[in-house]
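Student:
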Amino acid sequence: MKWDVMSWTPDGYVFLAQRTPACCVSLSSFYNETIVGCPTCACGCQNNKTGSGACLEHTAFSLCCVSPPTKKGTVLPPLVQCTRHLCPIRVHWHVKQNYKEYWRVKITITNFNYRLNYSQWNMVAQHPNLDNITQIFSFNYKSLTPYAGLNDTAMLWGVKFYNDFLSEAGPLGNVQSEILFRKDQATFTFEKVWAFPRRIYFNGDNCVMPPPDTYPFLPNGGFRQQFSVFSAVLLLVLVLFFFST
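Next comes the structure, spelled out in structure tokens:
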């Protein structure tokens with residue numbers, strides 16, 4: 001199904017231009033060295049100097065030339081750092097650790113916009129394990145239930161006076177937190193990219209996700225093999241220690 005936004009004029013219906021995306025998502029995991037970046041040209045391409053492709057290289061000379069609004073209430077178009085994706089906001093989801101009964105994710109939100117900071121920002125994530133959040137560090141959290149009996153959506157936002165203000169692009173232009181999930185043995189798996197979010201929203205904008213076939217997949221048998229090798233080495237050390245005493 002495809003939806004088009006239209007407006008009515010005396011001459012008939014006019015199709016309105018689709019809004020340019022404002023954020024994108026990148027992915028990584030501890031079990032795969034591949035880092036999946038935001039899709040190329042997710043929010044625009046470096047093809048002109050004034051439109052959505054306008055950007056600024058991250059150099060001291062370039063940064064000195066960024067001009068703030070000259071009049072009160074003046075809203076300038078985004079001036080973003082030159083990247084492959086040209087998005088003002090990137091949300092990075094990293095599957096960090098695996099425990100016996102829990103697993104951990106690190107979320108980093110980076111601002112690439114030199115002209116805009118975000119006060120009281122918010123992020124919404126969709127993932128089937130969000131109903132089993134045990135602890136969240138550095139962010140506030142509220143569970144959302146978009147459909148009766150389905151608790152797979154959560155809203156995250158910054159802690160007041162700590163990280164509720166996302167600065168413009170630069171060394172301080174990011175906020176991050178970690179989430180500890182309890183494993184539901186009936187559904188939990190690292191296979192088939194289950195550990196990654198289904199959808200991410202930032203300040204209400206639907207963020208561009210990477211293509212599903214590029215996600216960091218679990219190596220075939222690699223994760224289990226690491227544990228078996230570790231167990232064999234540990235057993236060998238114990239045997240040698242036993243016979244040497």
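Using the UniProt record's numbering, read the sequence shown as starting at 1 and increasing by one per residue. A virtual CB, placed ideally from N, CA and C, is assigned to each residue, including glycine. Bear in mind the structure is a predicted one, so any value in this text is a computation, not a measurement.
1. Can you tell me which residues form a DSSP beta bridge with G149?
2. What does a CB cutoff of less than 8 angstroms around Q46 pick up in its chain, not counting 5 residues either side in sequence?
3. Going by C-alpha distance, which of N117, N98, E33 is nearest G170?
4. Quick check on DSSP: helix, strand or coil for E191?
5. My guess is that R84 and G37 are in contact by the Cβ rule of under 8 angstroms, so how many angstroms apart are they, rounded?
6. Distance check for D184 and L106, CA to CA, integer angstroms please.
7. Quick one: what does DSSP say R19 is sitting in, helix, strand or coil?
8. Tell me the DSSP secondary structure of T214 in three-state form.
9. Rounding to the nearest angstrom, what Cα-Cα distance links F223 and P78 in this structure?
10. Suppose the cutoff is 6 angstroms on Cβ atoms and the five residues either side in sequence are ignored; what does the same chain contact list for V193 look like?
11. Between which two residues does the beta strand (DSSP E) harbouring E33 extend?
Tutor: Put simply:
1. The partner list for G149 (beta bridge, DSSP) is empty, contrary to what the question assumes.
2. Contacts found: G53, C55, C82, L86.
3. In terms of Cα proximity to G170, the closest of N117, N98, E33 is N117.
4. helix
5. 6 angstroms
6. Checking the sequence, you will find Lys at residue 106 rather than Leu. One C-alpha to the other measures close to 19 angstroms.
7. coil
8. helix
9. With a pLDDT of 48 at F223, under the threshold of 50, the modelled position of this residue cannot be trusted; read the value that follows with caution. Each residue's Cα considered, the two are about 43 angstroms apart.
10. Y215
11. 32 to 36
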